[in-house]
Structures are given as structure tokens and as C-alpha cells.
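Participant: Residue numbers (the working numbering): 399 to 566.
Just so it is clear, CB atoms sit at the ideal spot from N, CA and C, and this is done for glycine as well.
Values in this document were obtained by computation on a predicted structure and should not be read as measured data.
Mind having a look at this structure? Questions to follow.
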């Protein structure tokens, strides 16, 4: 599994500029208010999910986005959704609870996780994610984030959570 240093080396290798702020561990969106002031842009919440068919899902959304899991499964074409276990999260994304991040997709070499991106987050620039640990936040331009996803061959499903519809 790649860690923070390997993630940054990958971003550097593909020419994606990034800025990281180290901070005390953050486990909930509400705990990161000082970080939001220090790093402008879209701050994220990330949900690691498993559906009734054993398909894994990662949702990255703006921190303030409301995600109704009971209504989401028919929109994304999944079985009923529940939270994935910590062991499965570590196995597929190389992160622990509280550190879930779209940047963890770098560790999903078997492509077991489907990625859902909030339309509001897809419009934010820059975007801020934990760099595989919740003791730091890394800012990337939207273009840089998309370049990262392309480099690991991940095409996000973009969902407008207000309208509960896939877009694009």
C-alpha cells in the first residue's frame, strides 16, 4: 500500500501541484473549521460504502452536502448501501476510519471501488482531501484532481445530490 510520501511522489511525477497543511487528527467535518480557513476551496467528506451485492463505493462530496443513502442506491445503480468495514477500507484504499479520501483510490489497484463524485465538489476549485491520513489536508486544483484520477484510470460517476441524479 502506498502512503503519504508515495502519493506525493505520484502527484509530482504526473505534474500535479499540491499544497499540504499538517494539523491535529480530524475525524468529522465539523472538526476542521480552522483548516478550512487556512486552505480555501472545497473541503470534502468521504464515505466508504458497500452495497447488498458486495460492490464497494467511495463517495466524495463537499462537507456540507446532504447525502441520503436510502435514496441514493437506485440513482447510482447499486444495491442497498451501508458503511464498509474498517478492514475492507484498509485492504482496498489503504486508509483507516477518519482518513477516507478519494486520494486513497491510488491503492485500489484491483479496481474494486466505484467512485461517486458530488457535482458541487466537481465544480469546486481547489479541492481539499486528506493525503491518506487525517493529520493533514492536501489542496489540489480541480484540473490536478482530474489528472490524478486519469493517472490511476478512475472515471468518477458525478451525482447532483440536491436533485438525486447522475449528471454528465
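Kindly identify the DSSP beta-bridge partner or partners of residue 555.
Facilitator: As a first step, residue 555 must be located in the chain shown, where it is residue number 157. Per DSSP, 514.
Participant: In terms of residue numbering, what span does the alpha helix (DSSP H) encompassing residue 544 cover?
Facilitator: Counting from 1 along the chain shown, the entry for residue 544 is found at position 146. Residue 544 -> alpha helix (DSSP H) spans 540-549.
Participant: With H, G and I counted as helix, E and B as strand and the rest as coil, what does DSSP make of residue 387?
Facilitator: Nothing in the structure corresponds to residue 387, since the chain is present only between 399 and 566.
Participant: So what's residue 457 in DSSP terms, helix, strand or just coil?
Facilitator: For the purposes of this step, residue 457 is identified with residue 59 of the chain shown, where counting begins at 1. Strand at residue 457.
Participant: Just to confirm before moving on: does the CB-CB distance between residue 416 and residue 542 stay below 8 Å?
Facilitator: To locate residue 416, count along the chain shown from 1; it is residue 18. To locate residue 542, count along the chain shown from 1; it is residue 144. Yes, they are a contact pair.
Participant: Beta-carbon within less than 6 Å of residue 510's beta-carbon, same chain only, minus the 5 sequence neighbours each way: which residues are those?
Facilitator: As a first step, residue 510 must be located in the chain shown, where it is residue number 112. Cβ within range, chain order: 454 and 490.
Participant: Grab me the residues of residue 502's own chain with a C-beta within less than 7 Å of its C-beta, minus the 5 sequence neighbours each way, in chain order.
Facilitator: In the chain shown, the residue the question calls residue 502 occupies position 104. Taken in chain order, the residues that qualify are 491, 492, 493 and 530.
Participant: Specify, as a first and last residue, the run of the beta strand (DSSP E) that residue 564 falls within.
Facilitator: Taking the first residue of the chain shown as position 1, residue 564 is located at position 166. Element bounds for residue 564: 563-565.
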